[in-house]
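Presented below is the structure to which this report refers.
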Amino acid sequence: MSSGFYLDDIDLTKMFIDEWTECLEGLEKEILKLEVHSDDIELLNDIFRRVHSIKGGSSFVGLSGITRLSHEIEFTLDAIRKKKVSVNLELIDSLLQAVDFLNSYISHIYNKLKEYDSSGGNGAIYIEFGDEQRENSVLEGLKKALEKCENNEKEDGKEREKPGQEDAELDVLQTEEFKSKLAEEMKEQFLLESTEHVERIENQLLIQLENNGDDKDAIHEMFRSIHSIKGGIGIYLATIPHQCPYYTTLKEFSEVVHTFESLLALVRDKGVTFDKKLIDLSFEVMDYLKISMNAVASEECHDSPTADILDKVERYISNLQSVSGNSTESSAKPVRPGPAKIADIQQKSNIMQSIRVSQEKLDKMMNMISELLIAKNAFMHIASRLNLEYNLPEMSKEVKEVGAYINRISDDLQNAIMSIRMVEIKTIFQRMPRVVRDISQSTGKKMELIMEGEDTEIDKTIIEQISDPLVHLIRNAADHGIEAPEERLPKGKAETGRIVLRAYNKNKHVYIEIEDDGKGIDAESLKKKAVEKGFITETEAERMSRSQLINLIFLPGFSTAKQITEVSGRGVGMDIVKSNIEKINGNITIESAVDKGTKMIIQLPLTLAVSRGLTVEASGETYIFPLEYIVETVKISRNNIHRFNEKYFTHLRGDVIGVEWLSRIFLTGERDNEKEELNAVIISNGAEKYAIIVDKLKSEQEFVVKTLDGHLASIPGISGSTLLGNGRVVLIVNPADIIQLAQEKL
Amino acid sequence: MKGVKLMIVDDSPAIHVIIERAAIANGYEVCAHAKNGDEAVKMYESTRPDIITMDITMPVKDGLTASKEILAQNSCAKILMLSAMGDEEIVKEARDIGITHFMKKPFKGEDIVNAINNMILEETGD
Chain G
202 MSSGFYLDDI DLTKMFIDEW TECLEGLEKE ILKLEVHSDD IELLNDIFRR
252 VHSIKGGSSF VGLSGITRLS HEIEFTLDAI RKKKVSVNLE LIDSLLQAVD
302 FLNSYISHIY NKLKEYDSSG GNGAIYIEFG DEQRENSVLE GLKKALEKCE
352 NNEKEDGKER EKPGQEDAEL DVLQTEEFKS KLAEEMKEQF LLESTEHVER
402 IENQLLIQLE NNGDDKDAIH EMFRSIHSIK GGIGIYLATI PHQCPYYTTL
452 KEFSEVVHTF ESLLALVRDK GVTFDKKLID LSFEVMDYLK ISMNAVASEE
502 CHDSPTADIL DKVERYISNL QSVSGNSTES SAKPVRPGPA KIADIQQKSN
552 IMQSIRVSQE KLDKMMNMIS ELLIAKNAFM HIASRLNLEY NLPEMSKEVK
602 EVGAYINRIS DDLQNAIMSI RMVEIKTIFQ RMPRVVRDIS QSTGKKMELI
652 MEGEDTEIDK TIIEQISDPL VHLIRNAADH GIEAPEERLP KGKAETGRIV
702 LRAYNKNKHV YIEIEDDGKG IDAESLKKKA VEKGFITETE AERMSRSQLI
752 NLIFLPGFST AKQITEVSGR GVGMDIVKSN IEKINGNITI ESAVDKGTKM
802 IIQLPLTLAV SRGLTVEASG ETYIFPLEYI VETVKISRNN IHRFNEKYFT
852 HLRGDVIGVE WLSRIFLTGE RDNEKEELNA VIISNGAEKY AIIVDKLKSE
902 QEFVVKTLDG HLASIPGISG STLLGNGRVV LIVNPADIIQ LAQEKL
Chain X
1032 MKGVKLMIVD DSPAIHVIIE RAAIANGYEV CAHAKNGDEA VKMYESTRPD
1082 IITMDITMPV KDGLTASKEI LAQNSCAKIL MLSAMGDEEI VKEARDIGIT
1132 HFMKKPFKGE DIVNAINNMI LEETGD
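Chains as they are written, first to last, in the numbering used here: chain G, 202 to 947; chain X, 1032 to 1157.
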């Protein structure tokens, strides 16, 4: 318990003291009245309110002694009010003592302030009030008196046992629970908001400022964002206990934010140009903030380079201050943004007309919709059985009608839920300018990133999955694709390289393209390298088409970078990119021309939850082919299938494509020799096509992927299972695997 | 552009000062000062503030009762309730009548401003 403290807001304290004096006046009289009118609830409430006011006010100016004392008095009054204790003389006495002490405490501060005023003091004042002994004895007396009253009650035979203490425990529990819940909410809110602000600064404002260091609006925006983060952390800090493991991290975080804010205020008020050094520093600060936020999110505390960052920012501030000492008058301008803040709020509010819903809830909903879909299919199945098996065409028609109605509702519902899950692709595109900038910095290459179709929408889960592959591809384009200026100029290209990141919708798919105008992929050197590394034999290499050669870069362990750079490439890149994209039913293809550039095209489904597929039959088994891999279905005449070296192939409109039987691939049967016309599903993995022969093409339908677990999970050629309307389980074919299996088949 | 109108309801003049200082620095307008719940209810209809900061413990009429009456006048009224240590039960009750914004004493001026900003953002999301 400290006996002294600093008061810094003198005027406010004076106002509070005036209020308290008013509150205390008459308090004594009222307490005396209590002796006779202990059940006068009006009276009790009034006394309670007065003490409560003092408590509330004292906490504002940091007079913790007063807060403590008034809290104890309030506690006692509350016990009386709730009829937990009956008032006796001793209790009233100790209450009066406590109020007396409170009175003397307050008048002591009052006198101190008066003294201070007359001495013409300025700034903070140190107040000493050392009568701890008396304070303790007063508090002790209050407690004892209260306890005695409770004991009396117990002896009186009332049924409540130790009501006061029980209540005290309950009170504490409530407070703790309340606090921790509050802290949890605060943390979530703080992290969410701060992340949004940091991302905005990093991905938008700093990039703007890099192009134009005098962009006043951007500096203002940045200041506001930082200011908001500061506010957020202030609230959050107030809700968590000091012994919290990440309290120091937060405290440091807050300090850095504050210092950085001061720097920005200086920059803004002095009209300093945002130069490269300042931008680099800002990026460093943002990185620091992100590290700290991660630490808080994961509730770990680790050493972040706070001192280092603080030092850098502070040095910058002192530089600024010394440089423009001549323009002191401008630094006297008010720091607060003033009315502009409201404009900001209102502008923001136009954009953010939304509520936040946890992903979990949406996933659950989506799952339910998927089940509905299966049930809906069952309806249609019953309808056809009623007609065919039970010969009830009328009934069948009715059921079908109801089925169609449910179908329509579930379709609408599914679309509505899907649209909720849709997120603008902007959220990941935003990260890319920073990626390109970093590479441009470290390699000295000049390049610009052009983004198109940022408002294209795509399922949230897909967004999460595509983010890392996309960063990787952008890095590749910037690091390996774009050449250094001295290489570009002789080729007749502009000094500055161009990377275009583009997203658009086509045929129920979302496409993302990454196009650069760099050196392109040299198919010949790829071929040489692949042979060297033993991925393919020389004869194989000679037989490969250009697009097949380019697709070699997706092989695990295949890196084309002559030099492994810090930024990208240890040869673990492209194969992982490809497999990550395939995991979400996507597809990646490459188009490239030497010295012209490279274009990566990623095809993604709109959503993962529901897919469309073609059901087929082979050797009595039913399978589903996902529609996105199917190019077309054709009938191939037996005469048109040729055999060479145990491989089958056919001509299809001028192309030569491989042919294989699905039953042969899954080892469930041999090719049949009877039919003249064969049903073929032409599938493609982006680079090559293959004709897969099946016995029957059945129907196109929606299906919900149910993943296979355990030992079933790794069957080659199968990606999962689904339920049909008739309740049968069918396997979903993985076309990319199928092509590979077909090629290996001898 | 319309400024945000604020009504401060508190029996402590010092709290009025703390909130008003922060509000004005941020370009808000304090359109009404009420020193108890009764005044607040009476002033609400004529001033129609966008945001009300509401103390809980006040003479004549407490914050909870006043909030109930204001919400009965206008169910969309935005109330920021200022609670102190020991007010947990009242906060619970307040949540039950639909008040969702609370600020624990002691707070700083900027805390209030941040809370008000959040409330305005939410409001326009309706």
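The C-beta atom is built at its ideal place from N, Cα and C for all residues, glycine as well.
The structure presented is a predicted model; accordingly, all values stated were derived computationally and were not measured.
| request: Spatial neighbours of L296 (chain G) within its chain, please: CB distance less than 6 Å, with the 5 preceding and 5 following residues excluded, ordered by chain position. | output: I232
| Should T450 (chain G) be labelled buried (16 or more other beta-carbon atoms within 10 Å of its own) or exposed? | buried
| Beta-carbon proximity check, I700 (chain G) vs E716 (chain G), cutoff 9 Å | yes
| query | Looking at the structure shown, is I804 (chain G) part of a helix, part of a strand, or coil, going by DSSP? | reply | It should be pointed out that residue 804 (chain G) corresponds to Gln in this sequence rather than to Ile. Reduced to three states, the DSSP call for Q804 (chain G) is strand.
| field | E1141 (chain X) at chain G interface by Cβ criterion, 9 Å | value | yes
| task | For A439 (chain G), decide whether its Cβ has a neighbour in chain X, counting only Cβ atoms nearer than 9 Å. | result | yes
| field | Among G:S259, G:L805 and G:L925, nearest to I825 (chain G) - alpha-carbon criterion | value | G:L925
| How many angstroms separate the CA atom of L727 (chain G) from the CA atom of G721 (chain G)? | 12 Å
| query | Taking Cβ-Cβ distances below 8 Å as the criterion, which residues of the stretch 230–253 of chain G are in contact with chain X? | reply | D247, F249, R250 and H253
| With which residues is T923 (chain G) paired in a DSSP beta bridge? | G:V931
| request: From the DSSP output, in three-state form, read off R854 (chain G) for me. | output: coil
| Neighbourhood of E739 (chain G) by C-beta, 6 Å cutoff - its chain only, sequence neighbours within 5 removed | V732
| Closer than 9 Å, CB to CB, is K1109 (chain X) near chain G or not? | no
| query | Taking 9 Å as the CB-CB limit, is T1088 (chain X) close to chain G? | reply | yes
| message | I'd like to know whether the C-beta atoms of F867 (chain G) and S820 (chain G) end up nearer to each other than 9 Å. | response | yes
| request: Give every residue of the same chain whose Cβ lies closer than 7 Å to the Cβ of L563 (chain G), excluding the five residues on either side of it in the sequence, and list them in chain order. | output: I621 and R622
| query | Quick one: is G433 (chain G) near chain X, going by C-beta distance under 9 Å? | reply | yes
| query | Can the beta-carbon of A1097 (chain X) be found closer than 9 Å to that of V1072 (chain X)? | reply | yes
| message | Contact criterion: CB-CB distance below 9 Å. Does S1043 (chain X) meet it with respect to chain G? | response | yes
| request: Tell me whether the beta-carbon of I663 (chain G) lies closer than 9 Å to the beta-carbon of N781 (chain G). | output: no
| message | Taking 9 Å as the threshold (C-beta atoms), are L853 (chain G) and I883 (chain G) in contact? | response | yes
| query | When the Cα atoms are used, what is the spatial distance from G814 (chain G) to L942 (chain G)? | reply | 20 Å
| query | Going by other Cβ atoms of all chains shown within 10 Å of its Cβ, with 16 needed for buried, is N841 (chain G) buried or exposed? | reply | exposed
| message | At the 9 Å Cβ level, is A1065 (chain X) part of the contact set with chain G, yes or no? | response | no
| 8 Å Cβ cut-off: residues of chain G touching A1115 (chain X) | H253, K256, G257 and S260
| Going by DSSP, which residues form a beta bridge with S793 (chain G)? | G:T799
| request: Tell me, please, which residues DSSP counts as bridged to G263 (chain G). | output: None, per the DSSP bridge assignment.
| request: Pick out whichever of X:P1137, X:D1118 and X:E1076 has its Cα sitting closest to the Cα of A1163 (chain X). | output: This structure gives no information on residue 1163 (chain X), because the portion of chain X shown stretches from 1032 to 1157.
| Those runs of the alpha helix (DSSP H) which lie wholly inside the stretch 454–520 of chain G and span at least 4 residues | 477–498
| query | Count the other CB atoms within 10 Å of the CB of M569 (chain G); is the residue buried (16 or more) or exposed (fewer)? | reply | exposed
| task | Could you check the C-alpha separation between W221 (chain G) and I436 (chain G) for me, to the nearest Å? | result | 27 Å
| task | Could you name the residues that DSSP lists as bridge partners for S885 (chain G)? | result | G:K890
| Host alpha helix (DSSP H) of Y712 (chain G) (start-end) | That residue, Y712 (chain G), is in no alpha helix (DSSP H); its beta strand (DSSP E) goes H710 to D717.
| query | If you scan the stretch 694–753 of chain G from start to end, which runs of the beta strand (DSSP E) of 3 or more residues do you find wholly inside it? | reply | 698–707 and 710–717
| If we ignore side chains and look at the alpha-carbon of each, how far apart do K1092 (chain X) and L393 (chain G) end up? | 38 Å
| Counting along the chain, where does the alpha helix (DSSP H) carrying C224 (chain G) start and finish? | I211 to L225
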